[in-house]
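Peer 1: Start counting the sequence shown at 51; every next residue gets the next number (this note's numbering).
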Amino acid sequence: MKKRALIIILLSLFLVLFNVMFFLLGGHDGANASCWISYGAIHLSYLLMVFSPLIVRGLKSDKIFGVPLTAVSTGYFCLEFVIGLIFILFNPEVWKTAFLIQLILFVVYAALVLIVLIAGAAAEESEKEKVAPGVFVNKAGELLSDAIKRAPEGEARDAVNAAAYALSMTPAFSREDVLGIEGQIISRIKDVRVAAEKKDDQAVIACAGDVRGMIEQRTAMLAQPPMVRQ
């Protein structure tokens, strides 16, 4: 509780300093609507910067085009502060220009935040889908069935059938620590299909062997208790 109070005090220092200087230096004397719009916009952008870590808390990724949302929020505040200060100092009578500029900046920032939140929600749904029972096995099974149909008869098809048998022996449930190898298996099965379409027996046999080995590795991993993250 003491730490939280200290953080709140620290974050309040800017607002205290800004407001003291604004009213002490007469920024409110004869202030037009453009001045007050900018005054409010500066406060809003500062609060959004301060609370941006809470917005992305729990998300798998908080980046937009590789830039953390907290950095975007800081940039928004800095830009808003400079533009708002210009309008406060010059205090133009026409308020529409100040309002439109502040609105555009806010809408752009809000759109970036929404993109991060949508991407985070999509990543979370995708993650849940990956660990859902039977999802990996069903998808891999469909791909392998198609590969079997395409594979040339003989040793190549036998190799794909062996991979399919290994898949039938692996558990249907999934776990976070096997998501990586599951992705590799799916990718390698697609390689089997490509090789089968090209009627490349040796490539089919090699890729199918890799698939079988990785499936057996997944089975062995699931037979062990999950590793506890420190």
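Glycine included, every Cβ here is placed at the ideal spot set by N, Cα and C.
(1) Three or more C-beta pairs under 8 Å: does that hold for the region 113-123 against the region 78-92?
(2) Check lysine 113 in the structure and name its three-state DSSP category.
(3) In whole angstroms, give me the CA-to-CA distance for arginine 262 and alanine 216.
(4) Which residues share a DSSP beta bridge with proline 103?
(5) Would isoleucine 168 pass as a contact of phenylalanine 72 if the rule is Cβ separation under 9 Å?
(6) Have a look at leucine 135 and isoleucine 59 and give me their C-alpha separation to the nearest angstrom.
(7) Going by DSSP, what residue range makes up the alpha helix (DSSP H) through glycine 263?
(8) Could I get the ranges of all uninterrupted alpha helix (DSSP H) runs contained in the region 174-252, with 4 residues as the minimum, in chain order?
(9) How would you write the range of the alpha helix (DSSP H) that leucine 129 sits in, first residue to last?
(10) Between valine 242 and the rest of its own chain, which residues show a CB-CB distance below 7 Å, the 5 nearest in sequence each way excluded?
(11) Label serine 224 either buried or exposed according to how many other C-beta atoms from any shown protein chain fall within 10 Å of its C-beta, with 16 as the threshold for buried.
Peer 2: Here's the rundown:
(1) No, because fewer than three Cβ pairs between the region 113-123 and the region 78-92 fall closer than 8 Å, the two stretches do not touch.
(2) Annotated three-state conformation of lysine 113 is strand, per DSSP.
(3) It is roughly 6 Å from the alpha-carbon of arginine 262 to the alpha-carbon of alanine 216.
(4) Beta bridge pairing from DSSP links proline 103 with no other residue.
(5) No, the Cβ-Cβ distance between isoleucine 168 and phenylalanine 72 is not below 9 Å.
(6) For the pair leucine 135 and isoleucine 59, the Cα-to-Cα distance works out to about 24 Å.
(7) It spans 251-273 - the alpha helix (DSSP H) in which glycine 263 sits, taken as one unbroken run.
(8) Unbroken alpha helix (DSSP H) stretches of 4 residues or longer found wholly inside the region 174-252: 185-200, 205-219, 229-247, given in chain order.
(9) First-last of the alpha helix (DSSP H) with leucine 129: 119-140.
(10) If the five residues before and after valine 242 are omitted, its C-beta is found closer than 7 Å to the C-beta atoms of Ala197, Val210, Val254, Cys257, Ala258, Val261, all from its own chain and listed in chain order.
(11) Buried.
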